[in-house]
Amino acid sequence: MELNILLIFFFAFIILYNIYISLYPIREGMKGKNCNDKMCENNKIVSFKDKIHSLEKKLLSMETNVQDNTGQIKTNADNIKQFAEASKKQAQEQTGLTDDDANKPAPQVTGVE
1 MELNILLIFF
11 FAFIILYNIY
21 ISLYPIREGM
31 KGKNCNDKMC
41 ENNKIVSFKD
51 KIHSLEKKLL
61 SMETNVQDNT
71 GQIKTNADNI
81 KQFAEASKKQ
91 AQEQTGLTDD
101 DANKPAPQVT
111 GVE
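At the far end of the sequence shown sits residue 113, using full-length UniProt numbering, and the numbering has no gaps.
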């Protein structure tokens, strides 16, 4: 019985609180309702110029990161090519086969029927 009464009071409080919030909204960080020429972010008023400036800084840092990453990818690709050539030379020295031998057709097996 007590639980039912507590639940009724709880839900009544929630409903009344939602009605109060919808009638009197809280506008933290805004000067009244003058938020037309400003952006309201993180409860602070930020002008569009400041926002654009910070976005330009982010864009420049991302561009430098992309350039650094492409440079690193190129050096990694060059290192992989050098490693592949060194491995190829080492395999040719150990087996005695050359690129011309690799291009020859496979030998045909005869005598098996």
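Quick reminder that beta carbons are idealized off the backbone N, C-alpha and C, glycines included.
All values reported here derive from a predicted model rather than from experimental measurement.
Residue range of the alpha helix (DSSP H) that includes residue i
i           : result
residue 20  : 2-23
residue 102 : 99-103
DSSP three-state assignment for residue i, whether helix, strand or coil
i           : result
residue 96  : coil
residue 126 : This structure does not reach residue 126, given that the chain is present from 1 up to 113, and the question cannot be answered.
Beta carbon of residue i nearer than 8 angstroms to that of residue j
i          : j          : result
residue 98 : residue 92 : yes
Same chain only: Cβ atoms within 6 angstroms of residue i, ignoring 5 sequence neighbours per side
i           : result
residue 111 : none
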